[in-house]
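Worksheet for the structure shown next.
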Amino acid sequence: MIPCTEFIPAYSELFKFLEAKGGRPAVLDFWNYLSDNFLGNLEELIKQHGLRGCWMYWSRALNEEAADFTMELNEDETEFRITMHHCPSKGLLLKTKHITPYHDYCGHCDVLYRRIFDRLGYEHPVDRSQCDKARCSSVTRRKKSS
Amino acid sequence: MTREVMRRKASDNVYLHKDFHGALSRGIEYIDQHYGPEAVREYLRQFASAFYAPLTAEINRRGLAAIKERIEHAYRTEQALVTTRLSPDELLVEVPACPAIAHMRSHGYAVARLWGETSRTVYETICAGTPFAVEVLEYDDATGRSRVRFYRRAA
Numbered sequence: 001m002i003p004c005t006e007f008i009p010a011y012s013e014l015f016k017f018l019e020a021k022g023g024r025p026a027v028l029d030f031w032n033y034l035s036d037n038f039l040g041n042l043e044e045l046i047k048q049h050g051l052r053g054c055w056m057y058w059s060r061a062l063n064e065e066a067a068d069f070t071m072e073l074n075e076d077e078t079e080f081r082i083t084m085h086h087c088p089s090k091g092l093l094l095k096t097k098h099i100t101p102y103h104d105y106c107g108h109c110d111v112l113y114r115r116i117f118d119r120l121g122y123e124h125p126v127d128r129s130q131c132d133k134a135r136c137s138s139v140t141r142r143k144k145s146s
Numbered sequence: 001m002t003r004e005v006m007r008r009k010a011s012d013n014v015y016l017h018k019d020f021h022g023a024l025s026r027g028i029e030y031i032d033q034h035y036g037p038e039a040v041r042e043y044l045r046q047f048a049s050a051f052y053a054p055l056t057a058e059i060n061r062r063g064l065a066a067i068k069e070r071i072e073h074a075y076r077t078e079q080a081l082v083t084t085r086l087s088p089d090e091l092l093v094e095v096p097a098c099p100a101i102a103h104m105r106s107h108g109y110a111v112a113r114l115w116g117e118t119s120r121t122v123y124e125t126i127c128a129g130t131p132f133a134v135e136v137l138e139y140d141d142a143t144g145r146s147r148v149r150f151y152r153r154a155a
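Chains as they are written, first to last, in my numbering: chain A, 1 to 146; chain B, 1 to 155.
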C-alpha cells in the first residue's frame, strides 16, 4: 500500500508517466476521466446546495489536507473564493528534493474542477501566477447569462 | 459582503486525506484500461524507484530494519494494524486489512483490480539493488489482507 500521505508524489509521477506514453493529450484525457469518475460527490453537493456545496466539499478536503488557506462564501452565496496561502500538495513536491514534479502539476486542479463548474453553469477563474511558491487563488460564481 | 470565512493554517490539522486512495485507484484503473496491466507495473516501478530511492539506500545501509520502520510508520499513520517479525535475514509483514481498501469501500470508491500491485510492485522495486528480495505469500483482493516476506537473496 502506498499511504495516502505519499499519494502526491505518486500522482505527479502518474502525470509524467502518461505524458511519456501519449503526450499532453494523454494527461488531459486522464484529468477529464478523473473529474468524471472521482468528483461526483462535489458535483452532487453543488447541485443540491449551490455554492454552499463548494464550501461543504472543501471544508472537509482542505482541512484533511492540512492546507494553509482562507475560504470565503459571500453573503448571498453567489461567490465562493479560495485563497491558498500554501498548498500542501505542491509544497510537498517542492520540498521533496530527490524528485522532480510534473511540469504542470497544478494544472490538474484547474481542469478537474472547471469541468464540473462549466457543466453546472459557473465560471471559475484561477490565478496560478504563484504556483511555483505553492500559492494560488480561485473564485467561483454563476456565469452571466448572455 | 462576506458571509462566512474559514481561515486555517497547516498546523491546525493533521495531514491525512484518505480520499487520495480513491484517486490513486482511479489512476491505476485508467492505466490498466488504456495501456494494460504491464503498464501499471511500469508506472509503479517508475514512481517507487524515484520516490523511494532514499529508502532503498537506507536498506543497503541498515538492512531490513529500514523497511520495517517505514511500513510500521505507514500503517500507524493510516491508523491501521500491522504485525512485523524481523530477524537478520528476514522480515515478515502481516496486514489484517488494507486501510486504503477499507476506506474506498466505505466511501463508495472503486477499487482498481490491480490495487495489490501498490504493494507487490512497489516493494519489489524498493528491494531492487539491495541484497534483499520480497514475495507476497498471501493477498486477498477483497480486503487487502496480506502476508509479505522480505528475505536475503541467495549469494
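Glycine is no exception: its CB is placed at the ideal position from the N, C-alpha and C atoms.
Look up residue i in the DSSP assignment and give the residues it is bridged to.
i         : result
Phe-117/A : Its beta-bridge partners do not exist; DSSP assigns none.
Asp-127/A : Ser-137/A
Arg-8/B   : Phe-69/A
Tyr-151/B : Glu-90/B, Ala-133/B
Val-95/B  : Ser-146/B
Ile-148/A : Residue 148/A lies beyond the stretch modelled for chain A, which goes from 1 to 146, so this question has no answer here.
Glu-138/B : Arg-147/B
Thr-83/B  : Glu-94/B
Tyr-122/A : Arg-142/A
Does the separation of the CB atoms of residue i and residue j fall below 8 angstroms?
i         : j         : result
Pro-88/A  : Tyr-15/B  : yes
Tyr-35/B  : Lys-16/A  : no
Arg-135/A : Met-71/A  : no
Lys-90/A  : Tyr-102/A : no
Tyr-123/B : Val-111/B : no
Ala-66/B  : Leu-86/B  : no
Ser-25/B  : Tyr-109/B : yes
Thr-156/B : Arg-41/B  : Residue coverage of chain B in this structure runs from 1 to 155, which leaves residue 156/B outside it and unanswerable.
Glu-77/A  : Arg-141/A : no
Ile-126/B : Tyr-43/B  : no
Ala-66/A  : Ala-10/B  : yes
Leu-114/B : Pro-37/B  : yes
Pro-125/A : Ser-145/A : no
Glu-19/A  : Gln-46/B  : no
Thr-84/B  : Lys-68/B  : yes
Lys-143/A : Tyr-113/A : no
Considering only heavy atoms of the ligand SAM, does any lie closer than 7 angstroms to the CB of residue i?
i        : result
Asn-41/A : This structure lacks the ligand SAM; in fact it carries no ligand of any kind.
Spatial neighbours of residue i within its chain, please: CB distance less than 6 angstroms, with the 5 preceding and 5 following residues excluded, ordered by chain position.
i         : result
Tyr-139/B : Gly-116, Ser-146
Asp-89/B  : Arg-152
His-86/A  : Asp-68, Ala-134
Glu-94/B  : Thr-83, Arg-147
Ala-80/B  : Pro-99
Once you ignore the five residues that flank residue i on each side, which residues in its own chain have a CB closer than 8 angstroms to its CB?
i         : result
Gly-129/B : Thr-56, Asn-60
Leu-62/A  : Phe-69, Met-71, Ile-82
Ala-10/A  : Ile-2
Ile-99/A  : Pro-9, Ser-12, Glu-13, Leu-93
Met-104/B : His-21, Gly-22, Ser-25, Ala-110, Val-111
Taking 7 angstroms as the limit between beta carbons, can you name the residues of its chain near residue i, skipping five residues before and five after?
i         : result
Cys-147/A : Here chain A has residues from 1 to 146 only, and residue 147/A is not among them.
Glu-78/B  : Pro-99
For the stretch 97-113 of chain A, enumerate the residues whose C-beta is nearer than 9 angstroms to any C-beta of chain B, in chain order. Correct list: His-98, Ile-99, Thr-100.
Between the stretch 32-61 of chain B and chain A, which residues of the former have a C-beta closer than 7 angstroms to a C-beta of the latter? Within the stretch 32-61 of chain B, the residues whose Cβ lies closer than 7 angstroms to some Cβ of chain A are Tyr-35, Tyr-43, Gln-46, Phe-47, Ala-50, Phe-51, Ala-53, Pro-54, listed in chain order.
At a Cβ cut of 9 angstroms, what residues of the stretch 20-37 of chain A count as close to chain E, listed as they run along the chain? Protein chains in the displayed structure are A and B, and chain E is not among them.
Which residues, taken in chain order from the stretch 113-129 of chain A, show a beta carbon closer than 8 angstroms to some beta carbon of chain B? For the stretch 113-129 of chain A, which is checked against every Cβ of chain B, not one residue is closer than 8 angstroms.
Contacting positions in the stretch 3-19 of chain B - beta carbon closer than 9 angstroms to chain A: Flagged, chain order: Arg-3, Glu-4, Val-5, Met-6, Arg-7, Arg-8, Lys-9, Ala-10, Ser-11, Asp-12, Asn-13, Val-14, Tyr-15, Leu-16, His-17, Lys-18, Asp-19.
Counting beta carbon pairs with one atom in the stretch 137-150 of chain B and one in the stretch 98-105 of chain B, are three or more of them shorter than 8 angstroms? As far as the Cβ criterion goes, the stretch 98-105 of chain B touches the stretch 137-150 of chain B, which means the pair count is three or higher.
Would the stretch 93-101 of chain A and the stretch 34-54 of chain A be scored as touching if the rule is three or more Cβ pairs under 8 angstroms? Verdict: no, contact absent.
What residues from the stretch 67-88 of chain B come within 7 angstroms of chain A, judged by C-beta to C-beta, listed N to C? Considering only beta carbons, the part of the stretch 67-88 of chain B lying closer than 7 angstroms to chain A consists of Ala-74, Thr-77, Glu-78, in chain order.
Could you run through the stretch 45-58 of chain A and flag, in chain order, every residue whose CB is less than 8 angstroms away from some CB of chain B? Here the close residues are Trp-55.
Is the stretch 114-131 of chain A in contact with the stretch 4-24 of chain B, if contact means three or more CB pairs nearer than 8 angstroms? By the C-beta criterion, the stretch 114-131 of chain A is judged not to be in contact with the stretch 4-24 of chain B, since fewer than 3 inter-stretch pairs fall below 8 angstroms.
Are there three or more Cβ pairs, one per stretch, closer than 8 angstroms when the stretch 60-77 of chain A is compared with the stretch 5-13 of chain B? By the criterion of at least three beta-carbon pairs nearer than 8 angstroms, the stretch 60-77 of chain A is in contact with the stretch 5-13 of chain B.
With 9 angstroms as the limit, tell me which residues of the stretch 117-137 of chain B have their beta carbon closer than that to any beta carbon of chain A; keep them in chain order. Of all residues in the stretch 117-137 of chain B, Thr-118, Ser-119, Val-122 have a Cβ within less than 9 angstroms of some Cβ in chain A.
Report yes or no: do the stretch 20-37 of chain A and the stretch 28-48 of chain B share at least 3 C-beta pairs separated by less than 8 angstroms? The stretch 20-37 of chain A makes contact with the stretch 28-48 of chain B; the number of CB pairs closer than 8 angstroms reaches 3 or more.
Scan the stretch 89-101 of chain B for residues whose Cβ lies nearer than 7 angstroms to a Cβ of chain A and list them as they occur along the chain. Those residues of the stretch 89-101 of chain B that come within reach of chain A (Cβ to Cβ, closer than 7 angstroms) are Cys-98, Ala-100.
Near-chain B residues of the stretch 58-75 of chain A (beta-carbon distance less than 8 angstroms), N- to C-terminal order: For the stretch 58-75 of chain A, residues whose beta-carbon sits nearer than 8 angstroms to a beta-carbon of chain B comprise Ser-59, Ala-61, Leu-62, Asn-63, Glu-64, Glu-65, Ala-66, Ala-67, Asp-68, Phe-69, Thr-70, Met-71, Glu-72, Leu-73, Asn-74, Glu-75.
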